[in-house]
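Chemist:
Protein chains in written order, with the numbering used here: chain A, 2 to 143; chain B, 10 to 576.
1. Classify residue 188 (chain B) as helix, strand or coil using the three-state DSSP reduction.
2. Please look up how many angstroms separate the CB atoms of residue 270 (chain B) and residue 298 (chain B), rounded, as I've assumed it's under 8 Å.
3. Count the C-beta pairs between the stretch 120-130 of chain A and the stretch 73-87 of chain A that are closer than 8 Å, then say yes if the count reaches three, no if not.
4. In the structure shown, what three-state DSSP assignment does residue 458 (chain B) receive?
5. Measure the Cβ-Cβ separation of residue 306 (chain B) and residue 276 (chain B) and say whether it is below 9 Å.
6. Which one of B:171, B:290 and B:15 has the shortest CA to CA distance from residue 104 (chain A)?
7. By Cβ distance below 6 Å, which residues in the same chain neighbour residue 17 (chain A) in space, the five residues on each side in sequence not counted?
8. Look up residue 493 (chain B) in the DSSP assignment and give the residues it is bridged to.
9. Alpha carbons only, please: which of B:324, B:315 and B:482 is nearest the one belonging to residue 257 (chain B)?
10. How big is the Cα-Cα spacing for residue 344 (chain B) and residue 55 (chain B)?
11. In three-state terms, what does DSSP make of residue 135 (chain A)?
12. Is there a Cβ of chain A sitting closer than 9 Å to that of residue 365 (chain B), yes or no?
13. Please confirm if the stretch 515-525 of chain B is in contact with the stretch 404-413 of chain B, defined as three or more CB-CB distances below 8 Å between the two stretches.
14. Just to confirm, is the Cβ distance from residue 57 (chain B) to residue 19 (chain B) under 9 Å?
15. Figure out for me which residue from B:245, B:85 and B:349 has the closest Cα to the Cα of residue 188 (chain B).
16. Cβ closer than 8 Å: which chain B residues qualify as neighbours of residue 64 (chain A)?
17. Compare the C-alpha of residue 124 (chain B) against each of B:99, B:98 and B:90 and name the closest.
18. For residue 151 (chain B), collect the residues of the same chain with a Cβ closer than 7 Å to its Cβ; drop the 5 residues on either side in sequence, then sort them by chain order.
19. Rounded to whole angstroms, what's the CA-CA distance from residue 170 (chain B) to residue 295 (chain B)? Just pull it up for me.
20. 9 Å is my cut-off, CB to CB: does residue 565 (chain B) come that close to chain A?
21. Along chain B, in chain order, which residues have C-beta atoms closer than 9 Å to that of residue 111 (chain A)?
22. For residue 408 (chain B), which three-state DSSP category applies?
23. One question on the structure: do residue 15 (chain B) and residue 60 (chain B) come within less than 9 Å of each other, judged by their Cβ atoms?
24. Using a threshold of 9 Å, state whether the C-beta atoms of residue 196 (chain B) and residue 98 (chain B) are closer than that.
25. Under 9 Å between C-beta atoms, does residue 379 (chain B) make it to chain A?
26. So, for residue 241 (chain B): in the same chain, excluding its five sequence neighbours on each side, which residues have a beta-carbon less than 8 Å away from its beta-carbon?
27. Using a Cβ cut-off of 9 Å, pull out every chain A residue sitting near residue 144 (chain B), in sequence order please.
28. Can you give the beta carbon distance from residue 537 (chain B) to residue 462 (chain B), rounded, assuming they're within the 8 Å contact cut?
29. Would you say residue 398 (chain B) touches the ligand GDP, meaning its beta carbon is less than 8 Å from a heavy atom?
30. Leaving out five residues before and five after residue 28 (chain B) in sequence, what residues of the same chain have Cβ atoms less than 7 Å from its Cβ?
31. Could you check whether residue 57 (chain A) and residue 7 (chain A) sit closer than 9 Å to each other, using their CB atoms as the reference points?
32. Measure how close the beta-carbons of residue 396 (chain B) and residue 39 (chain B) come, nearest whole angstrom, since I'm counting them as under 8 Å.
33. Taking just the CA atoms, how far does residue 508 (chain B) sit from residue 491 (chain B)?
34. Go through its chain and collect everything with a Cβ distance to residue 567 (chain B)'s Cβ below 8 Å, but skip five positions before and after it.
35. Let me know if residue 455 (chain B) comes out buried or exposed under the rule of 16 or more other beta-carbons within 10 Å of its beta-carbon.
36. Where in the stretch 532-563 of chain B do unbroken runs of the alpha helix (DSSP H), each at least 4 residues long, occur, reported from the N-terminal end onward?
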């Protein structure tokens with residue numbers, strides 16, 4: 002089962018809707034509250050990354066028994082150095098976004114901390130595709 | 010956990026409920042469904058916030074509180090008035106007078122819950138000092154605590170493990186009693202149903218120290234009766250402005266000044282802030298004061314005064330009162346360290362059940378849910394008895410409702426059936442009175458169409474009519490054997506009619522077909538008519554004429570297409 006939501010770059014008023022849609026689906030398939038919390042953080046950070054950095058993108062969740070695979074695929078500037086982007090505090094967010102208290106360079110590290118698997122593919126000038134797996138607690142034997 | 014039977018103070022008066030949809034749409038946990046004309050509450054979901062009581066136009070939703078008769082069960086009765094009680098009267102009635110009034114209506118003693126709020130403030134501050142998880146969420150509003158258990162289960166660990174002032178007050182009052190007192194009764198005077206539930210089925214302790222809960226509205230009615238009779242100077246009262254401030258939104262945050270606090274009131278607003286916390290935001294906030302009622306406790310649905318007026322008065326009262334004396338603060342420190350205010354039971358999450366306990370089945374049902382939802386009108390009208398289309402789709406997937414419960418789906422289905430019935434009726438055999446099929450010759454004669462081409466083409470029965478000026482539409486949707494009514498007169502209409510195997514063309518509006526069109530029709534063996542009537546009238550007349558006729562025998566395709574000669 003796939004749930005997806007189109008995300009528009011710089012549309013801060015609608016940011017978080019995709020996350021809420023996925024969160025509701027995870028509740029309905031009976032994922033544990035703590036796993037939903039981790040998936041929620043991953044979705045929200047990924048959704049905000051599209052809003053802040055990309056032109057447009059799609060936030061999607063593939064629901065499978067015992068886990069969820071979150072993908073955030075965008076058309077945007079891409080990430081030149083993914084290793085650097087994974088460092089806490091490194092950010093390329095524009096100043097007006099930082100003034101909103103966002104773009105502090107914590108997004109990707111935060112995703113990494115809350116996901117069980119994380120893969121980022123990016124082509125400079127084209128876009129970025131992020132794929133994160135969150136395993137449900139009982140499935141992971143947590 | 011969900012199988013435990015839940016106590017709820019919010020109830021339905023079935024005699025008054027009209028089955029309207031006001032409450033189902035307002036409930037923050039979508040706990041209500043209208044079934045059989047009655048708004049039934051799903052117990053697992055209800056958080057006793059009282060929104061449905063507030064919104065019901067028929068006063069069918071109510072809270073079960075204890076009555077003053079219950080005072081007779083005890084030999085020593087102690088009133089525990091919530092700070093919001095003092096905001097129900099204007100500045101002309103000082104707090105001490107209200108304490109006098111409570112004694113006059115049958116209580117032996119009064120313990121101000123505002124004092125317990127002072128202790129809770131200290132306990133909250135201690136928690137914030139030694140626990141670093143941010144943000145900590147206030148435990149003071151029992152409706153919010155239950156909302157978190159049900160809708161935000163991953164946040165239960167962030168609720169401050171300190172009892173609400175009501176419970177703390179009962180414990181403090183009990184500890185102050187002289188040994189000689191036998192069978193004391195603690196009666197909380199509540200602004201809301203959530204606290205009635207909290208006293209009956211507490212979440213932070215095994216058993217509440219509160220013996221009964223009275224509705225603030227009921228106590229108010231008693232007080233206004235006795236207050237005019239009290240003429241002595243009002244007695245003193247103990248609590249500070251900090252404690253009384255807890256009765257309004259922002260009071261807790263004010264009491265915890267010095268910490269990074271955020272105060273939110275109104276249950277929908279609370280849910281939005283909690284969703285923010287769940288997304289990993291607001292970690293820079295130390296403490297969230299969250300109150301289900303707009304305006305805080307003064308906005309509770311069992312109160313009397315306008316919440317905004319009450320809120321202002323309570324603020325003014327709080328500002329005139331002295332701060333907590335140092336000696337009392339030290340005594341509180343001891344109480345908090347002894348654990349007087351602490352939860353003795355860990356609050357458990359009570360997440361709503363998924364669509365199935367089996368994960369694979371749950372995912373399949375979610376797919377069904379989305380497909381079902383796509384077929385619903387999306388008006389969220391609530392007339393099916395579920396709060397919105399998504400909730401109905403969920404109810405359908407859970408086997409609690411059916412698609413025709415949607416009024417619009419039902420009416421679509423009725424229309425389909427009606428059309429099917431009408432079609433069957435038209436198919437009655439000629440012997441029973443149905444009109445015989447009509448030929449092109451007969452139709453053109455009856456409707457006064459002039460033949461422009463195809464005089465030599467053999468006459469044939471028609472299967473129906475089609476009206477359109479868009480050639481691609483005709484190719485796609487007209488059926489073989491129909492007569493085509495159009496305003497177009499250029500040669501391409503002949504090719505289209507041949508392609509769609511139509512019986513003939515009527516050019517409406519008095520237009521004369523171009524010479525190439527006439528030649529083309531002759532060549533293709535197609536009857537081409539003209540009429541002075543506009544297309545609407547021509548199509549209408551044709552429709553009326555054909556209605557109720559049976560379809561004529563279909564001519565063989567070969568003879569039809571080649572009638573006028575080969576290409």
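Don't be surprised by glycine CBs; every beta carbon is placed ideally from N, CA and C.
Modeler: Straight from the coordinates:
1. In the second chain, residue 188 (chain B) corresponds to position 179, counting from 1. When DSSP states are grouped into helix, strand and coil, residue 188 (chain B) belongs to the coil group.
2. By 1-based counting over the second chain, the position of residue 270 (chain B) is 261. By 1-based counting over the second chain, the position of residue 298 (chain B) is 289. Contact flag correct, Cβ pair sits at about 6 Å.
3. yes
4. For this step, residue 458 (chain B) is matched to residue 449 along the second chain. Coil, per DSSP.
5. Walking along the second chain from the start, residue 306 (chain B) turns up at place 297. Walking along the second chain from the start, residue 276 (chain B) turns up at place 267. Contact: no.
6. In the first chain, counting from the first residue as 1, residue 104 (chain A) sits at position 103. With distances taken between Cα atoms, residue 104 (chain A) lies closest to B:290.
7. Taking the first chain and counting its residues from 1, the one referred to as residue 17 (chain A) is at position 16. Same-chain partners within the cutoff: there are none.
8. As a working note, residue 493 (chain B) is residue 484 in the second chain. DSSP output for residue 493 (chain B) lists B:475 and B:514 as bridge partner(s).
9. Within the second chain, the letter at position 248 stands for residue 257 (chain B). For residue 257 (chain B), the nearest C-alpha among the options comes from B:324.
10. The sequence position of residue 344 (chain B) within the second chain is 335, counting from 1. The sequence position of residue 55 (chain B) within the second chain is 46, counting from 1. Their backbone Cα atoms lie some 34 Å apart in a straight line.
11. Counting from 1 along the first chain, the entry for residue 135 (chain A) is found at position 134. In the structure shown, residue 135 (chain A) sits in a strand (DSSP, three-state: E or B).
12. Walking along the second chain from the start, residue 365 (chain B) turns up at place 356. For residue 365 (chain B), a Cβ of chain A is located within less than 9 Å of the residue's own Cβ.
13. no
14. Start at 1 with the first residue of the second chain, and residue 57 (chain B) comes out as number 48. Start at 1 with the first residue of the second chain, and residue 19 (chain B) comes out as number 10. Yes, Cβ-Cβ distance for residue 57 (chain B) and residue 19 (chain B) is below 9 Å.
15. Here residue 188 (chain B) corresponds to residue number 179 of the second chain, with the count starting at 1. Of the listed residues, the one whose Cα sits closest to residue 188 (chain B) is B:85.
16. Residue numbering aside, residue 64 (chain A) sits at position 63 when the first chain is read from its first letter. Near residue 64 (chain A) (Cβ distances below 8 Å), the residues of chain B are 372 and 375.
17. Locating residue 124 (chain B) in the second chain gives position 115, where the first residue counts as 1. Taking only the C-alpha atoms, the option nearest residue 124 (chain B) is B:90.
18. Within the second chain, numbered from 1, the residue matching residue 151 (chain B) stands at position 142. The answer, listed in chain order, is 173, 203, 204, 206 and 207.
19. As a first step, residue 170 (chain B) is located in the second chain; it is residue number 161 there, counting from the start. As a first step, residue 295 (chain B) is located in the second chain; it is residue number 286 there, counting from the start. Their backbone Cα atoms lie some 15 Å apart in a straight line.
20. For this step, residue 565 (chain B) is matched to residue 556 along the second chain. Its pLDDT being 42, under 50, residue 565 (chain B) is placed unreliably in this model, and the coordinates cannot settle the point.
21. In the first chain, the residue the question calls residue 111 (chain A) occupies position 110. Per Cβ cutoff of 9 Å: 289.
22. For this step, residue 408 (chain B) is matched to residue 399 along the second chain. Correct three-state label for residue 408 (chain B): coil.
23. Working through the second chain from its first residue, we reach residue 15 (chain B) at position 6. Working through the second chain from its first residue, we reach residue 60 (chain B) at position 51. No; because the gap between Cβ atoms is not below 9 Å, this pair is not in contact.
24. Locating residue 196 (chain B) in the second chain gives position 187, where the first residue counts as 1. Locating residue 98 (chain B) in the second chain gives position 89, where the first residue counts as 1. Result no, Cβ atoms of residue 196 (chain B) and residue 98 (chain B) do not sit closer than 9 Å.
25. On the second chain, residue 379 (chain B) is found 370 positions in, with the first residue counted as 1. Yes, because at least one Cβ of chain A sits closer than 9 Å to the Cβ of residue 379 (chain B).
26. As a first step, residue 241 (chain B) must be located in the second chain, where it is residue number 232. For residue 241 (chain B), where only same-chain residues beyond five positions count, the Cβ hits under 8 Å are 109.
27. Translated into positions along the second chain, residue 144 (chain B) becomes position 135. Those do not exist, as residue 144 (chain B) stays about 14 Å from chain A at its closest Cβ, beyond 9 Å.
28. Position 528 of the second chain, counting from 1, holds the residue named residue 537 (chain B). Position 453 of the second chain, counting from 1, holds the residue named residue 462 (chain B). Sure, about 4 Å apart at Cβ, within 8 Å.
29. The ligand content of the structure shown is nil, which means the ligand GDP is not present either.
30. Position 19 of the second chain, counted from the start, is the residue given in the question as residue 28 (chain B). Closer than 7 Å at the Cβ level, and outside the excluded window around residue 28 (chain B), lie 43, 46, 47 and 48.
31. Here residue 7 (chain A) refers to the residue found at position 6 when the first chain is read from its first residue. Here residue 57 (chain A) refers to the residue found at position 56 when the first chain is read from its first residue. Contact flag set, yes.
32. Indexing the second chain from 1 puts residue 396 (chain B) at position 387. Indexing the second chain from 1 puts residue 39 (chain B) at position 30. About 5 Å separates the two Cβ atoms, so the contact holds.
33. One-based indexing of the second chain puts residue 491 (chain B) at position 482. One-based indexing of the second chain puts residue 508 (chain B) at position 499. Approximately 12 Å, taken between the alpha carbons.
34. One-based indexing of the second chain puts residue 567 (chain B) at position 558. The predicted model places residue 567 (chain B) with a pLDDT of 41, which falls under 50 and marks its position as unreliable; any figure quoted below should be read in that light. Nothing listed; no residue qualifies.
35. Residue mapping note: residue 455 (chain B) aligns to position 446 of the second chain, counting from 1. Looking at its Cβ environment, which holds fewer than 16 other Cβ atoms inside 10 Å, residue 455 (chain B) is exposed.
36. 544-555
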